[in-house]
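The sequence shown: position 136 = 136 (the UniProt record's numbering), numbered continuously. Backbone N, C-alpha and C fix where the C-beta goes; we use that ideal spot for every residue, glycine too. All remarks here apply to the structure that follows.
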Amino acid sequence: PTPQPRMDGPPPIRFSSATPQYLPFLNYSPHPIMYDDARYPTAMHLHEALKYLPTNPAFAEHIRRCPDVGQVHALSTQLESQAPNSVRSDWLAVYLQSMEEVLLHKFRQHADLLALLLGTGDAPLIYADPVDTYWGEGGHNHLGKILERVRAELRREAWGLA
């Protein structure tokens, strides 16, 4: 008989808008985040606002108050086109690190989300969006990789090792 390939570790967890149990892993899930004494409706709101802090707090506030998460990215792009110098100068260098910080805040502030993330164990996390060449599996899977790092950090905190 032909030997079967052995898989080391747990199977990957694929999440997307089509997996209701993992919707909280998405940046547009309706889980508010407190950051610097302000409430951001979603992780997407906070991440886009950070693009303008501290250089243009008025733009950041405009994004924070955007009522439709589906319009946050378009609003940020519009604001940037109006005043390109308003984006923090190191944004490209800190873009991914900034998202990691946002997600750490999100999962620390919502015990149910923390339990959901830690409950994934050591499974690889894959943002199952085949057309997203940056955040999803259609490219770099940055969202899945960031969530894995956030999970590891929060696990260390839970064990008092951080």
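**Study point:** Same chain only: Cβ atoms within 6 Å of Leu143, ignoring 5 sequence neighbours per side
**Key:** For the purposes of this step, residue 143 is taken as the residue at position 143 of the sequence shown. Closer than 6 Å at the Cβ level, and outside the excluded window around Leu143, lie Tyr127, Trp135.
Check your understanding: From residue 186 to Phe107, what does the alpha carbon distance come to, in whole angstroms?
Key -> As displayed, the chain neither begins before 1 nor continues past 162, which places residue 186 out of reach and without an answer.
Practice item. Assign Asp129 to buried or exposed, taking buried as 16 or more other Cβ atoms, counted over all protein chains shown, within 10 Å of its Cβ. Key: Along the sequence shown, read from residue 1 onward, the residue named residue 129 stands at position 129. Counting other Cβ atoms within 10 Å of its Cβ, Asp129 reaches 16 or more and is therefore classed as buried.
Check your understanding: Should Ser89 go down as buried or exposed, given a rule of 16 or more other Cβ atoms within 10 Å for buried?
Key -> By 1-based counting over the sequence shown, the position of residue 89 is 89. Taking a 10 Å sphere around the C-beta of Ser89, we find fewer than 16 other C-beta atoms and assign the residue as exposed.
Review point. When we look at the beta-carbon of Ser98 and count the other beta-carbons within 10 Å, is it buried (16 or more) or exposed?
Key: Mapped onto the sequence shown, residue 98 falls at position 98. Its Cβ being crowded by 16 or more others within 10 Å, Ser98 is buried.
Check your understanding: Where does Leu103 fall in DSSP's three states?
Key -> Here residue 103 refers to the residue found at position 103 of the sequence shown. The answer is helix: DSSP assigns Leu103 an H, G or I state.
Check your understanding: What do you get for Glu61, buried or exposed, if any count of 16 or more other CB atoms within 10 angstroms of its CB means buried?
Key -> Locating residue 61 in the sequence shown gives position 61, counting from the first residue. Within a 10 Å sphere around the beta-carbon of Glu61 sit fewer than 16 other beta-carbons, which makes this residue exposed.
**Study point:** Residue range of the unbroken alpha helix (DSSP H) whose run includes Arg14
**Key:** Residue 14 sits at position 14 when you count from the first residue of the sequence shown. Run containing Arg14: none in the alpha helix (DSSP H); it sits in the beta strand (DSSP E), 13–15.
Check your understanding: Exposed or buried, what is Ser76 when buried is set at 16 or more other beta-carbons lying within 10 Å of its beta-carbon?
Key -> Counting from 1 along the sequence shown, the entry for residue 76 is found at position 76. Label assigned to Ser76: buried.
Exercise for review: Run through the UniProt domain "NADAR" (24–155) for me and flag every whole alpha helix (DSSP H) of 4 or more residues, listed as ranges in chain order.
Suggested key: Those alpha helix (DSSP H) runs which fall completely within the UniProt domain "NADAR" (24–155) and span 4+ residues are 43–50, 57–64, 72–82, 91–109, 111–118.
**Study point:** Cβ neighbour criterion (16 or more within 10 Å) applied to Leu50
**Key:** For the purposes of this step, residue 50 is identified with residue 50 of the sequence shown, where counting begins at 1. Buried is the call here.
Review point. Pro84 CB to nearest chain C CB: under 8 Å?
Key: Annotation note: the requested chain C is absent from the structure, which comprises a single protein chain.
Review point. Taking DSSP as the reference, what is the three-state secondary structure of Pro20?
Key: Position 20 of the sequence shown, counted from the start, is the residue given in the question as residue 20. Correct three-state label for Pro20: helix.
Point to revise | the region 10–21 / the region 149–157 touching (three or more Cβ pairs under 8 Å) | key: Flag = no, the region 10–21 and the region 149–157 do not touch.
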